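In order, the protein sequences belong to chains A and B.
Each residue of the first sequence is one higher than the one before, starting from 547 at the first, in this note's numbering.
Each residue of the second sequence is one higher than the one before, starting from 878 at the first, in this note's numbering.
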Amino acid sequence: MSLLEVKNLSVRYGERTVVDDLSFSVNSGDWLMIVGPNGAGKTSVVNAVSQTVPSRGEVFFEGRNVKKIKPRQLAKSMGVLSQNHFVAYSFTVEDVIRLGRYPYSPRVFGSLSDGDREKISRAVEMTGMKPFLTKPVTALSGGELQRTFLAQVFAQDPRLLILDEPVNHLDLVYQKQTFELVQKWLSQEGRAVISVVHDLSLAKAYGTHALLMDRGRAVCMGRTADVLTNERLCGVYSMDVAAWMKKMLSQWQ
Amino acid sequence: MHREGYGITEYLLFTAVTLVTLLVCVAAGSISVPLGETARIIWNAVFGSVKPDGTYASIILSVRLPRVICVALVGAALSVCGAAMQGLLRNPLADGSTLGVSSGASLGAVISIAFGITVPSLPFAGTTVLAIAFAFLSLIIILSLSYKLDFSLSTSTIILIGIIFSMFASSIISLVITFAGEKVGSITFWTMGSLSGSTYLNALVLSAVLAVCGGVLLGCGRELNAFAIGEDNARHIGVNVKKIKLTVLISVSALIGVCVSIGGTIGFVGLVTPHIVRMITGPNHRRLLPASMFGGAVLLMLCDLLARMLLRPLELPVGVVTSLIGAILFVYIFYTSRRSRR
């Protein structure tokens, strides 16, 4: 059985259909890269899968319809890392990370168990956030803030990690760090990742599978090498993608 | 890893500070009663076998004690509502009145005063009953309109509808005042906010609502942390966003409705107290909510004392004092926080 199965997913905002009859599945160990030009509907797909926006069609996690899974149970199955974080108050890094254990702790006045502390420590260690624990998040750089939320989602310990353009406005060092951390997280059995990316090189380098989208529809879905071919990309982006990539690379040769 | 909430020692300390402030505020006034005598009278009234009598006992037990208890409870309620709303809406300018429910409650009270509406079996409680009824009616209208406009009940929709409703209620209040005749004076004094003449029954109603709704808000500390960090983040970590939002809004509305019905419109306490407390405890709602509750009680008791003492034997409405002090404090807090960010 697939970890995630999406059947005939459609998302509409008013009269506008942004995702149209999309079906795909994700298995354990997969890193599915959702790629496509602006307005292709990539973010709407992950928002619909994580139940952030209303949608039509069905999404199954290990055979269970996610619409029927309670929020806490769903959070144990799926974790989401968004591209932007604006925290209004000066919470400490530790405050933010420990919220990752919310779905596991008792409902009212819940405190952390030893198991929770262990998971948080491991997430903090993995992301290298230990020196920042007492710092207010309002004093962090964009990259440090993104690592804080990555630690939160690692502490949440989901089976499926959903990343929505996680490195969009980060410098190269943080881009590399983030993707390597997610790759390390994925190496544990029973896990999978879906990420929306614009950088086709990152998609090729880290993705095991890719879903190429255009105007709300799937153009192609399969192994990354089979999907991200120059012929298909040229059709979607209306430009010679490989030639552009090579031109960029030539700047370094 | 540090503990999130408070322990028994901190709660005992907060209680002690609140009780000492209460004692000082009961003792002080146009006729000052020695602190020891005040404590003895209250102790004997609560635990003694013989009921204390005399002028001091009469002043303390019949006038000041019920008033100061009500002031403390209203301060606690307004502040915990302010802290909860600032977290839920991620807006440091929010407080219990942001939702528009307090304007609704005011409309109910103003109608009651202007037209002399009373409840047959409780002739003294007409204003209170109508204010609470209007508070709940306002909440139902605001949430129904928000739900009709936006199925997900987004905070921006709720704020917008709340503001529009507030303006609507204020215009009706002005209309009612136009036809109020000789009652204009009473209405104006009531809208300035005052707890003079509060009774033990008022204190009982306030205590019951604060115990239930305040307790619910304190229990939502972690969820409010998640909301303050971001509503989407809250949803992603498993918070039942719609349920928590409704729980907080209903609890805040009930508290604000009861406070407005008893004390009128008392501004700035709900807005400023969480800001002062946040500077000491940090933004974590597991600490911020209980500390705001105690802090608000102490702050409003001190403001009420000032209202009684500044121009004695004349008494100012406490709402005037809180607005004056609150506005200055708010400017100071913003000035210092902006400077520390540079």
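Even glycine gets a Cβ: it sits at the ideal position worked out from N, Cα and C.
Small disclaimer: the values here were computed from a predicted structure and weren't measured.
A direct Cα-to-Cα measurement between serine 796/A and aspartate 786/A gives close to 16 Å. Between isoleucine 1009/B and isoleucine 1064/B, the gap from beta carbon to beta carbon reaches 8 Å or more.
Restricted to the segment 676-760 of chain A, the beta strand (DSSP E) segments that are unbroken, complete and at least 3 residues in length are 706-710, 738-742 and 755-760, listed in chain order.
In this structure, the straight-line span from the alpha carbon of threonine 1213/B to that of histidine 1152/B is close to 12 Å.
Straight through space, the alpha carbons of glycine 585/A and tyrosine 752/A are spaced by roughly 23 Å. Rounded to the nearest angstrom, the gap between the Cα atoms of glycine 882/B and phenylalanine 1211/B is 26 Å. DSSP places threonine 563/A in the uninterrupted beta strand (DSSP E) bounded by 562-572. Distance between serine 659/A and serine 651/A, taken at the CA atoms: about 8 Å. Under the DSSP assignment, alanine 764/A falls in the beta strand (DSSP E) whose first and last residues are 763-769. For the segment 583-598 of chain A, the set of positions with a beta-carbon nearer than 7 Å to some beta-carbon of chain B reads Ser596 and Thr598 in chain order.
The Cβ-Cβ distance between serine 596/A and phenylalanine 607/A does not fall below 8 Å. Contact annotation: the segment 663-674 of chain A touches the segment 639-650 of chain A, with at least three C-beta pairs closer than 8 Å. The Cβ of arginine 1164/B sits no closer than 8 Å to any Cβ of chain A. Legend: CB atoms of the segment 607-625 of chain A lying less than 9 Å from CB atoms of chain B belong to residues Lys616, Pro617, Arg618, Gln619, Leu620, Ala621, Lys622, Met624 and Gly625.
Among the residues of chain B, none has a CB under 8 Å from the CB of alanine 697/A; the nearest is roughly 13 Å distant. Residue-level contact by beta carbon fails for leucine 779/A and chain B, as no gap is shorter than 8 Å. Every alpha helix (DSSP H) stretch that sits fully inside the segment 900-943 of chain B and reaches 4 residues is listed by chain position as 912-924 and 932-935. Around the beta carbon of tryptophan 790/A, a 10 Å sphere encloses fewer than 16 other beta carbons of the protein chains shown; the residue is thus reported as exposed. The beta carbon of valine 642/A falls within 8 Å of a beta carbon belonging to chain B, placing the residue at that interface.
Pairing isoleucine 1017/B with leucine 1030/B, the inter-Cα distance amounts to about 13 Å. The continuous beta strand (DSSP E) containing leucine 578/A extends over residues 577-581. By the Cβ test, the segment 1094-1111 of chain B is not in contact with the segment 977-995 of chain B, since fewer than three Cβ pairs between them sit closer than 8 Å. Look at glycine 753/A: its C-beta is not under 8 Å from any C-beta on chain B. Just so you know, the alpha carbons of leucine 1078/B and phenylalanine 1011/B end up roughly 20 Å apart. Residue nearest to isoleucine 1202/B within the set Gly1144/B, Gly1172/B and Phe1171/B is Gly1144/B (criterion: CA-CA distance). When the beta-carbon positions are compared, alanine 934/B and isoleucine 918/B come within less than 8 Å of each other. A straight line joining the alpha-carbon of serine 1130/B with that of arginine 1112/B spans about 24 Å.
Take the alpha-carbon of glycine 603/A and the one of leucine 555/A: they are about 4 Å apart. In the DSSP assignment, asparagine 554/A falls within the beta strand (DSSP E) that extends over 550-559.
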